[in-house]
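Below is one structure; the comments refer to it alone.
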Amino acid sequence: MEAYTILDTSGDVCPVPVIKVRRRLDKLEKGNVLEVIGTHEESRGDIIRTIKQLKMELIKVETDKDRKWHILIRKPGG
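Structure, rendered in C-alpha coordinates:
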(Lines of atoms letter the chains of each structure in order from A; the text may use other names.)
(Lines give C-alpha, C1' and ligand atoms only; values in the text may rest on other atoms or scores of the structure.)
Protein backbone atom coordinates (compact mmCIF):
# COMPACT_ATOMS: atom_id res chain seq x y z
CA MET A 3 0.00 0.00 0.00
CA GLU A 4 1.38 3.42 -0.94
CA ALA A 5 1.89 6.08 1.69
CA TYR A 6 0.40 9.53 1.20
CA THR A 7 2.18 12.67 2.44
CA ILE A 8 0.96 16.28 2.39
CA LEU A 9 3.25 19.29 2.05
CA ASP A 10 1.51 22.66 2.49
CA THR A 11 3.50 25.54 0.99
CA SER A 12 0.64 28.06 1.21
CA GLY A 13 1.99 31.58 1.66
CA ASP A 14 5.51 30.64 0.51
CA VAL A 15 6.94 32.27 -2.63
CA CYS A 16 9.70 31.23 -5.04
CA PRO A 17 12.02 29.54 -4.61
CA VAL A 18 10.89 28.18 -1.22
CA PRO A 19 8.09 25.82 -2.44
CA VAL A 20 10.37 24.18 -5.02
CA ILE A 21 13.12 23.69 -2.43
CA LYS A 22 10.63 22.15 0.03
CA VAL A 23 9.23 19.83 -2.66
CA ARG A 24 12.70 18.63 -3.73
CA ARG A 25 13.68 17.93 -0.11
CA ARG A 26 10.46 16.04 0.58
CA LEU A 27 10.76 14.01 -2.63
CA ASP A 28 14.32 13.03 -1.66
CA LYS A 29 12.94 11.54 1.58
CA LEU A 30 9.85 9.97 -0.01
CA GLU A 31 10.02 6.23 -0.56
CA LYS A 32 9.60 4.86 -4.08
CA GLY A 33 5.97 4.37 -5.07
CA ASN A 34 4.63 6.79 -2.46
CA VAL A 35 2.55 9.90 -3.18
CA LEU A 36 3.16 13.52 -2.22
CA GLU A 37 0.38 16.11 -2.30
CA VAL A 38 1.71 19.66 -2.53
CA ILE A 39 -0.65 22.50 -1.62
CA GLY A 40 0.16 26.12 -2.37
CA THR A 41 -1.04 29.58 -3.27
CA HIS A 42 1.79 31.16 -5.28
CA GLU A 43 1.02 30.67 -9.00
CA GLU A 44 4.60 31.01 -10.22
CA SER A 45 5.69 28.29 -7.78
CA ARG A 46 2.99 25.99 -9.16
CA GLY A 47 4.55 26.12 -12.63
CA ASP A 48 8.07 25.79 -11.23
CA ILE A 49 7.08 22.70 -9.25
CA ILE A 50 5.48 21.07 -12.30
CA ARG A 51 8.65 21.70 -14.35
CA THR A 52 10.81 20.32 -11.53
CA ILE A 53 8.67 17.17 -11.28
CA LYS A 54 9.12 16.53 -15.00
CA GLN A 55 12.88 17.14 -14.81
CA LEU A 56 13.16 14.69 -11.91
CA LYS A 57 11.14 12.08 -13.86
CA MET A 58 8.43 11.92 -11.18
CA GLU A 59 4.86 10.93 -12.04
CA LEU A 60 2.49 13.89 -12.13
CA ILE A 61 -0.85 12.41 -11.09
CA LYS A 62 -3.08 15.47 -10.91
CA VAL A 63 -3.08 19.27 -10.72
CA GLU A 64 -6.17 21.14 -9.56
CA THR A 65 -7.26 24.37 -7.91
CA ASP A 66 -9.85 24.35 -5.12
CA LYS A 67 -12.59 26.89 -4.33
CA ASP A 68 -10.19 28.76 -2.02
CA ARG A 69 -7.77 29.27 -4.96
CA LYS A 70 -5.21 26.91 -3.46
CA TRP A 71 -3.61 24.55 -5.94
CA HIS A 72 -2.97 20.88 -5.28
CA ILE A 73 -0.34 18.83 -7.11
CA LEU A 74 -0.25 15.05 -6.67
CA ILE A 75 3.13 13.44 -7.36
CA ARG A 76 4.16 9.77 -7.24
CA LYS A 77 7.81 8.85 -6.81
CA PRO A 78 8.44 6.10 -9.39
CA GLY A 79 9.53 2.62 -8.41
CA GLY A 80 8.60 0.40 -5.54
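Residue numbers (this note's numbering): 3 to 80. Idealized CB from N, CA, C, for every residue including glycine. As the structure is a computational prediction, the values presented were derived from the model and not from experiment.
| query | result |
| --- | --- |
| Using the Cα positions of VAL38 and LYS77, report the straight-line distance between them to the nearest angstrom. | 13 Å |
| Assuming LEU36 contacts ARG26 under a Cβ cut-off of 8 Å, what Cβ separation, rounded to an integer in Å, is found between them? | 6 Å |
| Which term fits THR65, buried or exposed, when burial requires 16 or more other beta carbons within 10 angstroms of its beta carbon? | exposed |
| Taking LYS62 as part of the beta strand (DSSP E), name the residues at either end of that continuous run. | 59-65 |
| Report the rounded CA-to-CA distance for GLY63 versus LEU30, giving the unit in angstroms. | According to the sequence provided, residue 63 is Val. The question's Gly does not apply to it. Their backbone Cα atoms lie some 19 Å apart in a straight line. |
| Whole angstroms are fine: how far does the CA of THR41 sit from the CA of LYS67? | 12 Å |
| If you follow the beta strand (DSSP E) that ARG2 is part of, which residue opens it and which one closes it? | Residue 2 lies beyond the range of the chain shown here (3 to 80); nothing can be said about it. |
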